[in-house]
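K.L.:
Below is a structure I'd like to ask you about.
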Amino acid sequence: MLSEKNKVILIKVSILAGAFIVTCAILITMIFLAKGFWKNGLRVSVGQTLERYSENTYKTGDFVELKSQFSPGAAVFNCKKNNDSNRYYAVIMRISTISGPAPAVFLCSEYDAEFAGFAVENGNLKQTMNPDFQEIHIRYWKSLLPKILQKAGLFDD
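Put into structure tokens, the structure is as follows:
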């Protein structure tokens, strides 16, 4: 049988543990809710960038989960081109620029990648983010992205 002192300690520890469990449950719920908003926000940014790149040509689809080491640094979305049955993916990722890391959008097919632009809204920042200054980074990712997506199995039938 527990003494009165031990009962009081047990009650206090139980209350503390319960509060901790409730707090963790709330945080985990918030993380899962925020993840959906984050993916939707990225999809909208990719869609706006593709709209500036090629007006009404591409439609951004669903988020694609990558089983790759590349996935924490980028987000991939299905992309559909009007009157074209080929498979396209839009990739948004951070690349180094003169102004620091910036979200770049690439449009990838099975063997090719095109730079669609930076997903940046700030007008002053857009001027300093001229793709000519970042040509080496853009060329690097244009050559590497199709290989990464192929290795992740996105173009397997």
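Here this note's numbering is used: the first residue of the sequence shown is 1213, the next is one more, and so on. Ideal Cβ positions, reconstructed from N, Cα and C, are used throughout, including at glycine.
1) Which one of LEU1319, ASN1294, GLY1285, GLU1277 has the shortest CA to CA distance from THR1261?
2) Bridge partners of VAL1288, per DSSP?
3) Looking at C-alpha atoms only, which residue of ALA1364, ALA1325, LYS1247, PHE1330 is the closest neighbour of THR1309?
4) Along the chain, where does the alpha helix (DSSP H) containing PRO1358 start, and where does it finish?
5) Note down the Cα distance separating ASN1252 from GLY1230, rounded to an integer number of angstroms.
6) Please say whether PHE1289 and ALA1302 have beta carbons closer to each other than 8 Å?
7) Spatial neighbours of LYS1363 within its chain, please: CB distance less than 8 Å, with the 5 preceding and 5 following residues excluded, ordered by chain position.
P.N.:
Judging by the given coordinates:
1) As a working note, residue 1261 is residue 49 in the sequence shown. Cα-wise, what sits closest to THR1261 is LEU1319.
2) The count along the sequence shown starts at 1 and reaches residue 1288 at position 76. Its beta-bridge partners are VAL1276, VAL1303.
3) Walking along the sequence shown from the start, residue 1309 turns up at place 97. Ranking ALA1364, ALA1325, LYS1247, PHE1330 by Cα distance to THR1309 puts PHE1330 first.
4) Here residue 1358 refers to the residue found at position 146 when the sequence shown is read from its first residue. First-last of the alpha helix (DSSP H) with PRO1358: 1347 to 1363.
5) One-based indexing of the sequence shown puts residue 1252 at position 40. One-based indexing of the sequence shown puts residue 1230 at position 18. Each residue's alpha carbon lies about 34 Å from the other.
6) Reading the sequence shown from its first residue, position 90 is the one you call residue 1302. Reading the sequence shown from its first residue, position 77 is the one you call residue 1289. Closer than 8 Å, so yes.
7) Within the sequence shown, residue 1363 is the residue found at index 151, counting from 1. Same-chain partners within the cutoff: SER1280.
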